[in-house]
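In mature numbering (1 follows the signal peptide of the UniProt record, and there is no 0), the protein residues as written are -18 to -1, 1 to 66.
C-beta atoms are modelled at their ideal positions from N, C-alpha and C, and glycine is treated no differently.
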Amino acid sequence: MNLYQLLLLIALIIATDALTSSKTTCTMECKAVIPYTSLNLFPEFYEEERTVVIGGKRYRLKQEWNSNGVSGVLWGSVIILRAY
């Protein structure tokens, strides 16, 4: 977890606590400001190709995250399963 994610988590905890606390002084509604950035959580998924070695052979696989989402990329579990 990087520093930004930790700060975001702390902000969410504080906001949630403030909204659910019985000591909240808001009469109409309460609001929290949450910073937003489009984090690139899985940068390897945005690469056009990924290379994997299976049985001593090297394969280059094309990925299309933007077109196919989660079904268009090579997941780490596949790379681990190739060993078996």
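Check for me: the alpha helix (DSSP H) holding residue i runs from which residue to which?
i: Leu63; result: Gly58 to Leu63
Helix, strand or coil, according to DSSP, for residue i in the structure here?
i: Val52; result: helix
i: Ile(-6); result: helix
i: Glu26; result: helix
Tell me which same chain residues have a C-beta within less than 7 Å of the C-beta of residue i, skipping the five on either side of it?
i: Leu40; result: Residue identity differs from the one stated: residue 40 is Arg in this sequence, not Leu. Taken in chain order, the residues that qualify are Thr33.
i: Arg64; result: Val34 and Ile36
Can you name the start and end residues of the beta strand (DSSP E) that residue i belongs to?
i: Val34; result: Glu31 to Ile36
If you drop the 5 nearest sequence neighbours on each side, which residues of the same chain put their C-beta closer than 8 Å to that of residue i?
i: Ile(-5); result: Ala14
Going by alpha carbons, who is nearest to residue i out of the options?
i: Phe27; options: Val52, Gly38, Ile16 and Leu(-13); result: Val52
Using the DSSP secondary-structure output, state which residues sit across from residue i in a beta bridge.
i: Lys44; result: Glu31
i: Lys39; result: Ile36
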